[in-house]
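First the structure, in the form of structure tokens, and then the observations on it.
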Amino acid sequence: MNRIFSFIFLAVLSLSFANWVLVDDAPFCGHHDRYTYQVLWDSLTAHGATVNFTTDVGRFPDLSGYDLVILM
Numbered sequence: 016m017n018r019i020f021s022f023i024f025l026a027v028l029s030l031s032f033a034n035w036v037l038v039d040d041a042p043f044c045g046h047h048d049r050y051t052y053q054v055l056w057d058s059l060t061a062h063g064a065t066v067n068f069t070t071d072v073g074r075f076p077d078l079s080g081y082d083l084v085i086l087m
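To convert, take the position in the sequence shown, counting from 1, and add 15; that gives the numbering used here.
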């Protein structure tokens, strides 16, 4: 449960400067479940951020366009 609060804190804190966020969610290592990613997604998008996941954009995307990269 503390991890979820940590992610929410990170998401809210980062919203002051991050509009385009990349979350490295691949591969699933077993430490995070789908609920963790859903909480992160909901927290960021609720405040106007655009969130991309590495499972969607590829494992090694160009990072120059992102305001924030979250390594899981």
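A virtual CB, placed ideally from N, CA and C, is assigned to each residue, including glycine. Only a predicted model underlies this, so the values are computations on that prediction, with no experimental measurement involved.
Near residue i, which residues of its chain fall below 6 angstroms by C-beta distance, leaving aside the five closest residues on each side in sequence?
i	result
Trp35	Thr65, Tyr81 and Asp82
Asn67	Leu37
Trp56	Val66
Tyr50	none
Taking all protein chains shown into account, do 16 or more other C-beta atoms lie within 10 angstroms of the C-beta of residue i, making it buried, or fewer, making it exposed?
i	result
Leu37	buried
Ser79	exposed
Might you give, ordered along the chain, the residues of its own chain that have their beta carbon closer than 7 angstroms to the beta carbon of residue i, omitting 5 neighbours on each side?
i	result
Ala87	The sequence given here has Met at residue 87, not Ala. Val38, Asp39, Asp40 and His47.
In this structure, what does DSSP give as the bridge partners for residue i?
i	result
Asp82	DSSP output for Asp82 lists no bridge partner at all.
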